[in-house]
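Below is one structure, written out as structure tokens, with a few remarks after it.
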Amino acid sequence: MGGLTLGRYICERLYQLNVHTIFGVPGDFNLTLLDKIYETEAEHGTGSFIWAGNANELNAAYAADGYSRVNPGKLGALITTFGVELSALNGVAGSYAEHVGMVHIVGVPSNEAQEKQMLLHHTLGNGDFTVFHNMSSKICETTSFLRDIATACDEIDRCLKVAYTMQRPVYIAVPSNMVDMKVPRVQLEKAIDLSLEDNDYDAQTEVIDHILSMVQTAKNPVIIVDACASRHDCKQEVTNLVEITQFPVYVTPMGKGTIDEGGVGGEDMSDPNIISKITMKLNTGKSVASRFGGVYIGSLSKPEIKDAVENSDLVLSCGGLLSDFNTGSFSYSIGTKNVVEFHSDHTKIRQAIYPKIKMKEVMQNLNSKISAVLGSYEEQPVPKLKLINTPAPPGNHLTQAWFWTRVSSWFREGDIIISETGTSSHGILEARFPNNVIGISQVLWGSIGYSVGATLGACMAAKYLDQNRRVILFVGDGSLQLTVQEISTMIKLGVNPYLFVLNNDGYTIEKLIHGLNAEYNQIQPWDHSKILPTFGAKDYQFVKIATMGETNEILKNSSFAENDKIRLIEVMLNQFDAPLDLVKQAQFAAQVNKGK
């Protein structure tokens with residue numbers, strides 16, 4: 001039967017769950033555990049299971065989050081050391097808020113040191129070794145502080161199952177003396193049961209019957225797709241629902257990238273025929289993209305989208321997370337009471353809530369029956385695609401409105417597009433993604449600097465999907481300064497993202513909320529051309545674009561389109577130029593801050 005160490009058991013379980021990169025920072029209480037990462041790689045092959053080694057714990061948490069959002073296994077893993085683990089908690093909290101599966105493993109002092117209440121480093125000096133665990137318990141779905149080797153494997157498996165099925169962080173504390181203790185290898189042969197608990201049959205039947213009756217009488221139904229449809233592995237169910245019904249489908253800001261939008265990459269936006277090309281593609285067949293109507297953000301939506309959604313007579317909401325920035329400061333104004341909400345842990349129909357009727361199973365069953373009640377439905381039009389396609393004088397300075405439309409045409413199928421809180425996360429809503437794109441932004445938690453660490457994580461996950469899959473970051477010059485060190489880790493690990501740095505001279509989103517010219521919203525200007533070589537890049541490209549002509553020139557370049565080196569593109573923009581919906585959102589935020 002044989003045995004293996006507890007440390008190897010943890011690594012092997014992660015490997016079984018499709019986790020191939022571990023993020024974190026070494027510390028003396030986790031060093032023997034880190035040795036097991038290299039042992040695991042040696043057994044499964046070079047590059048099969050690697051230690052990333054981040055610049056700090058916060059960046060490591062961001063990277064694990066980004067990794068989870070791209071990894072088909074839906075988990076990221078983070079290892080830190082006792083006490084100073086607190087540096088990671090901002091990132092962990094963001095994962096909790098946004099339903100991202102993460103395993104936070106903390107190397108802690110030995111059981112003996114804890115029992116004797118030794119006055120060790122990384123402690124508060126009071127002999128309390130549980131305080132940091134208790135802190136993490138508030139932002140994790142479940143936790144375990146391992147103490148007994150006889151139950152350790154079961155506890156690890158329990159936490160991993162919760163992280164996967166609930167798509168939330170979990171916390172596992174591993175005492176340093178337990179890492180080399182032996183556990184039965186045979187336990188690895190039994191896979192962790194990752195299946196969801198079945199929905200109650202009678203309750204689910206009632207839910208489906210009710211929805212079918214609502215669909216049968218609806219004349220103008222719409223589907224709204226939000227973040228949790230992606231986080232809880234319901235992208236296929238949503239796609240099937242749209243394909244079967246042909247109802248118009250819209251996404252929220254957090255839901256962008258969850259369904260195919262049908263954008264056409266590689267096109268020259270100065271071509272006057274571009275709109276007819278895209279329209280022709282979208283009108284071909286009965287694809288999901290042909291039914292995509294755009295982004296719904298309440299009162300911040302484009303008028304034609306706002307009218308279409310709010311004048312519908314049935315709303316099927318998939319995975320809603322109705323936060324302020326995701327709803328245009330709670331400005332949803334749905335005109336019908338016929339709203340069905342599919343969630344990861346319940347279903348709501350009008351005012352009736354059905355606990356534990358989880359959306360994945362209920363949508364699968366609904367999709368198998370819904371075609372029978374569509375006989376009288378007449379396909380409704382979706383809002384027309386509107387792009388800025390007027391010829392741009394090459395010497396014109398870049399504007400937000402023009403830039404986001406132009407870069408949209410450079411995207412290609414399969415891209416992973418990451419946008420930072422602020423200008424980028426609002427600007428990206430103006431872009432129409434090609435199919436099979438993964439969109440990543442942290443709209444709810446909104447920690448500035450998140451996107452740089454998340455880019456590293458996305459790059460590492462993408463390596464196991466497709467080496468040619470591009471990872472593209474849009475980050476402001478202010479946000480970059482919080483987590484810029486992680487570019488060093490990208491270079492160390494040999495990944496090749498596109499780093500678009502929007503240089504608008506400081507924290508534009510904060511300026512628009514309050515303090516337009518306040519000193520606290522200013523930043524020290526950096527020479528961005530020096531960042532990549534400073535961090536040791538040898539094969540890299542730096543580009544600075546300030547005009548429409550310069551932008552067109554670089555985006556038309558075929559060699560630039562291939563992700564064969566790390567690239568930093570500095571995009572020069574006016575500090576007060578911002579996407580229109582960001583300006584309005586900032587005004588709403590300012591009013592909320594005043595208690596209005």
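In terms of full-length UniProt numbering, the sequence shown has 54 at position 54, counting the first letter as 1, and numbering is strictly consecutive.
Just so it is clear, CB atoms sit at the ideal spot from N, CA and C, and this is done for glycine as well.
Using alpha carbons as the reference points, say which of the options lies closest to residue i.
i: Arg-432; options: Asp-193, Ser-144, His-99, Ser-408; result: Ser-408
i: Glu-562; options: Phe-411, Gln-485, Val-70; result: Phe-411
i: Asp-136; options: Val-373, Asp-200, Ile-353, Val-103; result: Just to set this straight, residue 136 is Ser in the shown sequence, not Asp. Ser-136 has its Cα closest to that of Val-103, out of Val-373, Asp-200, Ile-353, Val-103.
i: Asn-503; options: Asp-226, Leu-398, Ser-559; result: Leu-398
i: Met-290; options: Thr-239, Pro-303, Ser-317, Gly-262; result: Looking at the sequence shown, residue 290 is not Met but Ser. Minimum Cα distance to Ser-290 is reached at Gly-262.
i: Ser-333; options: Ser-301, Asn-54, Val-362; result: Ser-301
i: Asn-220; options: Tyr-377, Leu-120, Thr-130, Leu-75; result: Tyr-377
i: Ala-461; options: Thr-5, Leu-119, Val-19; result: Val-19
i: Leu-465; options: Asp-28, Ala-60, Glu-379, Val-70; result: Val-70
i: Asp-157; options: Pro-253, Gly-293, Gln-16, Phe-132; result: Gln-16
i: His-346; options: Cys-228, Val-309, Glu-243, Glu-304; result: Cys-228
i: Gly-293; options: Thr-551, Ile-224, Ala-77, Asn-521; result: Ile-224
i: Glu-98; options: Val-106, Val-84, Ile-50, Gly-66; result: Gly-66
i: Ile-244; options: Leu-366, Gly-414, Gly-3; result: Leu-366
i: His-514; options: Pro-579, Lys-544, Asn-593; result: Asn-593
i: His-528; options: Lys-544, Thr-239, Ala-518; result: Lys-544
i: Ala-392; options: Pro-175, Ile-79, Asn-552, Arg-231; result: Asn-552
Can you list, in chain order, the residues of its chain with a C-beta nearer than 8 Å to that of residue i? Leave out the 5 residues immediately preceding and following it.
i: Leu-532; result: Ile-487, Ile-491, Tyr-540, Phe-542, Ile-566, Leu-568
i: Thr-421; result: Ser-441, Gln-442, Val-443, Gly-446, Ser-447, Ile-448, Tyr-450, Ser-451, Ser-479, Ile-509
i: Gly-595; result: none
i: Asn-177; result: Ser-110, Asn-111, Glu-112
i: Asn-338; result: Met-214, Ala-218, Asp-313, Leu-314, Val-315, Arg-350
i: Gln-467; result: none
i: Ile-139; result: Leu-89, Val-92, Ala-93, Tyr-96, Pro-169
i: residue 597; result: Any question about residue 597 goes unanswered here, given that the chain covers just 1 to 596.
i: Asn-283; result: With a pLDDT of only 48 at Asn-283, under the threshold of 50, the placement of this residue in the model should not be trusted; the figure read from the coordinates follows. Hits under 8 Å: Ser-290.
i: Asp-180; result: Thr-5, Leu-6, Gly-7, Thr-32
i: Asp-35; result: Gly-7
i: Ala-537; result: Ile-491, Ile-566
i: Val-484; result: Val-452, Ile-531
Thinking residue i and residue j are a contact (beta carbons under 8 Å), I'd like their distance in whole angstroms, please.
i: Glu-12; j: Thr-46; result: No, Glu-12 and Thr-46 are not in contact; Cβ-Cβ is about 17 Å, not under 8 Å.
i: Val-222; j: Asp-260; result: About 17 Å; that fails the 8 Å criterion.
i: Cys-234; j: Gly-319; result: 6 Å
i: Asn-56; j: Val-100; result: Not really, about 19 Å apart at Cβ, beyond 8 Å.
i: Thr-405; j: Glu-379; result: Actually they are not in contact, since the Cβ atoms of Thr-405 and Glu-379 sit about 28 Å apart, beyond 8 Å.
i: Ile-523; j: Gln-575; result: The pair is not a contact, with the Cβ atoms about 11 Å apart (cut-off 8 Å).
i: Ser-424; j: Val-475; result: 6 Å
i: Ile-416; j: Val-471; result: 5 Å
i: Trp-402; j: Met-548; result: 6 Å
i: Ile-297; j: Thr-252; result: 7 Å
i: Asn-54; j: Phe-23; result: 6 Å
i: Ala-52; j: Thr-489; result: 6 Å
i: Ser-299; j: Asp-226; result: About 17 Å; that fails the 8 Å criterion.
Would the C-beta of residue i count as close to the ligand MG, meaning under 7 Å from any of its heavy atoms?
i: Leu-300; result: Among the components modelled here there is no ligand, and therefore nothing to report on the ligand MG.
Spell out whether any CB of chain E is found under 8 Å from the CB atom of residue i.
i: Leu-89; result: Any reference to chain E falls outside this structure, which holds one protein chain only.
Leaving out five residues on either side along the sequence, give the residues of the same chain with a beta carbon under 6 Å from the beta carbon of residue i.
i: Glu-361; result: Asn-199
i: Phe-325; result: Val-443
i: Leu-499; result: Leu-473, Leu-568
i: Arg-469; result: Gly-414, Ala-462
By Cβ distance, which residues of its chain are closer than 7 Å to residue i, with the 5 residues on each side in sequence left out?
i: Cys-153; result: Tyr-9, Val-183, Gln-187
i: Thr-165; result: Leu-194, Leu-196
i: Ser-87; result: Asn-56, Glu-57, Leu-58
i: Phe-49; result: Cys-11, Tyr-15, His-20, Ile-37, Thr-40, Glu-41
i: Gly-73; result: Leu-17, Asn-18, Val-19
i: Met-363; result: Cys-234, Glu-237, Leu-241, Phe-342
Checklist line | Given 8 Å, three or more beta-carbon pairs between the segment 450-460 and the segment 495-508 | finding: For the pair of segments examined, the segment 450-460 was found to touch the segment 495-508: the number of CB pairs separated by less than 8 Å reaches three.
Note to self: To test your reading of the DSSP string, which unbroken beta strand (DSSP E) runs of 3 or more residues are found completely within the segment 10-61?
What the structure shows: Segments of the beta strand (DSSP E) lying fully in the segment 10-61: 21-24.
Notebook entry, point to check: How do the segment 179-190 and the segment 124-143 stand: do at least 3 beta-carbon pairs fall below 8 Å, yes or no?
Noted result: Under the 8 Å Cβ criterion, the segment 179-190 does not count as touching the segment 124-143, having fewer than three qualifying pairs.
Check: Three or more beta-carbon pairs under 8 Å between the segment 245-253 and the segment 339-356, yes or no?
Finding: Short answer: they don't touch.
Next item on the list: Kindly confirm or deny that the segment 204-212 and the segment 367-378 touch, where touching means at least three C-beta pairs closer than 8 Å.
Entry: Contact holds: three or more Cβ-Cβ distances are below 8 Å.
Margin query: Would you call the segment 163-171 in contact with the segment 88-98, where contact means no fewer than 3 C-beta pairs closer than 8 Å?
Written below: For the pair of segments examined, the segment 163-171 was found to touch the segment 88-98: the number of CB pairs separated by less than 8 Å reaches three.
Margin query: I'd like the ranges of any alpha helix (DSSP H) spanning at least 4 consecutive residues and lying wholly in the segment 81-141.
Written below: Runs found: 89-97, 111-115, 131-137.
Note to self: List, from N- to C-terminal side, the alpha helix (DSSP H) runs of 4 residues or more that fit wholly inside the segment 410-492.
What the structure shows: Segments of the alpha helix (DSSP H) lying fully in the segment 410-492: 423-427, 450-462, 477-483.
Note to self: Which runs of the alpha helix (DSSP H) at least 4 residues long sit entirely within the segment 188-224? Give them in chain order.
What the structure shows: Counting only runs that start and end inside the segment 188-224, the alpha helix (DSSP H) elements of at least 4 residues fall at 201-217.
Next item on the list: Would you mind listing the alpha helix (DSSP H) stretches within the segment 341-417 that are 4+ residues and don't spill past its ends, in chain order?
Entry: Unbroken alpha helix (DSSP H) stretches of 4 residues or longer found wholly inside the segment 341-417: 359-369, 400-408, given in chain order.
Check: Going along the chain, which unbroken runs of the beta strand (DSSP E) with 3 or more residues stay wholly within the segment 518-595?
Finding: Segments of the beta strand (DSSP E) lying fully in the segment 518-595: 540-545, 566-572.
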